[in-house]
Structures are given as C-alpha cells and as structure tokens.
Amino acid sequence: MSSKTKDKKQKKSGKSAKGKHTGSGAPKSVKKKDRKLNAKNADRYDLYQRSVNSPETDVDFLTEVFEDLRGRPLRHLREDFCGTSLLSAEFLSRSPENTVEGADLDPEPMAWGQLRNFGKVEDGHSRMKFHLMDVRDRSDKRPDLTTAQNFSYFGFHDRATLLSYFKAVHADLADDGVFVMDHYGGPDSMVEMEEERDIEGAFTYVWDQKEYFPGSGEYKAAIHFDFRDGSRWENAFEYDWRLWFLTELKDVLMEAGFKEVRTYFEGTDPDDEEEGNGEFEYDPKGENVDAFIGYLVSLK
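Okay, here's the thing in structure tokens:
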C-alpha cells in the first residue's frame, strides 16, 4: 500500500513523492519541442495530460475488473466528467468493437480532446459520442461500465446531490453494469501543502492543497506549472471540492441501489515503499497509511 500516491497530482503509476523534484536543470533527454516551453506558450490541457492522466493504467484496470466480475469483455464505456477524453481514446484503441460515450459540461476541453486525442485511433471519431450535458443525464446506449475519474465527483458538495448522481448512474447502466470511481484519501489529503513533481525535465507540476475545513468538508486545491525559464502558470486549474470519505461514498452508493461496493487499493513499489506500483487489488479494509489512491467498484 503506497503512502504517497495522490492523483490529480500524481499519476497512478510511476508516482513521485513530495520532495522528489529534480530542479530546473534539464536532462539531455528533454525533447526539442519542450526546451523553450514556458508559461506563455504552453497548452494547459497538454500539461495536464502529461502530468495527471494515466490512461493505460486506468483502462487496464477497467477492462480487467469488468471481465473478472461479469465474465465478458467490456465493450461500451461511459466516461463522466470526460474533459479531453484521453481515457476514452485509449479504450477505443484496444479493440475496434469498443465504443464510448463521454459526458461533460465544459465544451473547451471536449473540443481540445476531439482534435488531439482521436486522430490516431481507428474510426475513433465514429465510435466516440461526446455529450455536452449534466452527468446525471441518460446515455444514448446503456453502458456496460461508467467511470468517474480524477475525483471529479468531489465537485458535488452535499449528500443529496451526490446521491442523485449515483442514482442516475445506477439507472443508466446495463442490467449487469458496473460503476467505477477513483478515490483519494488518508491524513495527508487533509493537510494544506504543496507537492512538486518533475515532468520529463520540461516542467514541474505543482499540486497545491490550499484549504480544508473539517467541519464542512470544503476543500480548495489548484494545479500550478513551473518552467525551466523561471516562469510559472499559477492556478492553471482550480478545484472547489468537498472531500468525501471512502465510507461515506460506500454508504451513498448502496443507498442509490448498488448491490455491492468493492474497494481496490494500490500496492507498493518493492524498491520504494513511498511509491505506488500501479497495481490495484481488491481489499475490503485497506491499510492505514498517510495517503492512498483507490478505486470504488459498484455492481448493479
């Protein structure tokens, strides 16, 4: 069990812990296009995908856990809060039989993702349907699996709204459908602090846990990017969340109608106990560590 594996800040594989920033000096392997990258010419969605998203790890987990639990391949996926839909593009690349629907309220990252992430996927545009809609709205086709990644559901600040979302997901799924969310928790998740991680020698990703209020669960966070020329993109992404606890989420999911809610936690890198290994295993209790990344897998 990793004690330092936090996403939105750290990828789900190859994570770096606090204090591992390598500095502004660029290694020889820095790509030519990145050598002059700075706060004025950078693309924030490109920076986000490079420092936060882990599509291969996510799709590996989703496809494997669905087939293990349902005995058939995952073919129709729905990605809620899809943003640039990098995960969806990765899923489509796995099989020409795969199809996806993505839901999000923000047209900007969706348009960016359509242009950037689907051109190299065979028939990607025809097998992906983007919905500019509330995640509580219905799909065109009932999904085998719906996923909500990068803790986006933390944007629901009260229990009633969260419950309405979970009920909508339950009603929308296929009869044997599965709902998968990732989750971030542990004592470190409530500490106001910054963590840095070097990205390919090109820039530094900074996760800033700005404020947390235990009485209300209010949680303010941001992502900043620092560049080799000394410039910084302050508040490239900002989050106004409620920090939901794992046990709270399980209770609300069961109330929404799911028959079973299973928890999967990331294992520890054998060479570094403070890093995750990208492997997630079923564990109904988990381990008491400073911080953890896990998945909630809910069965209809």
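Residue numbers (the working numbering): 3 to 302.
Don't be surprised by glycine CBs; every beta carbon is placed ideally from N, CA and C.
From a predicted model like this one, the values you see are computed outputs, not experimental measurements.
Would you kindly report the start and end of the unbroken alpha helix (DSSP H) that includes residue i?
i: Gly187; result: Segment 180–187 is the beta strand (DSSP E) holding Gly187; no alpha helix (DSSP H) there.
i: His172; result: 161–174
i: Asp48; result: 46–53
i: Glu58; result: 57–72
i: Lys252; result: 248–257
Across which residues does DSSP place residue i in a beta bridge pair?
i: Phe132; result: Gly104
i: Gly296; result: His185, Phe267
i: Gln211; result: Met195, Ala223
i: Trp243; result: Tyr221
i: Ala150; result: Asp82, Met183
i: Trp114; result: According to DSSP, Trp114 bridges with nothing at all.
i: Arg234; result: Asp228
i: Asp200; result: Thr206
i: Glu262; result: Leu301
Which whole-angstrom value is the C-beta distance of residue i and residue j, which I expect to be below 8 Å?
i: Thr148; j: Arg80; result: 4 Å
i: Asp136; j: Leu107; result: 7 Å
i: Val123; j: Ala91; result: 5 Å
i: Arg72; j: Asp178; result: 5 Å
i: Leu134; j: Met112; result: 7 Å
i: Gly288; j: Thr265; result: 6 Å
i: Lys1; j: Glu213; result: Residue 1 lies beyond the range of the chain shown here (3 to 302); nothing can be said about it.
i: Thr86; j: Asn119; result: 6 Å
Do residue j and residue i have their beta-carbon atoms positioned less than 7 Å apart in this structure?
i: Gly259; j: His185; result: no
i: Gly203; j: Val32; result: yes
i: Arg67; j: Val299; result: It should be pointed out that residue 67 corresponds to Val in this sequence rather than to Arg. In contact: Val67 and Val299 (Cβ atoms closer than 7 Å).
i: Phe227; j: Phe205; result: yes
i: Ala176; j: Asp142; result: no
i: Arg52; j: Ile201; result: yes
i: Phe168; j: Val263; result: no
i: Phe132; j: Gly157; result: no
i: Gly121; j: Leu94; result: no
i: Glu194; j: Trp209; result: no
i: Glu219; j: Leu245; result: A small correction: the amino acid at residue 219 is Gly; Glu does not occupy that position in the sequence shown. For Gly219 and Leu245, yes; Cβs fall inside 7 Å.
i: Asn2; j: Arg77; result: Here the chain covers residues 3 to 302 and nothing more, so residue 2 does not appear.
i: Leu64; j: Val171; result: no
i: Gly188; j: Asp292; result: yes
i: Phe229; j: Leu49; result: no
i: Ser154; j: Phe267; result: no
i: Tyr207; j: Trp114; result: no
i: Lys261; j: Leu301; result: yes
Determine the DSSP secondary structure at residue i, reduced to helix, strand or coil.
i: Tyr284; result: strand
i: Leu89; result: helix
i: Glu289; result: coil
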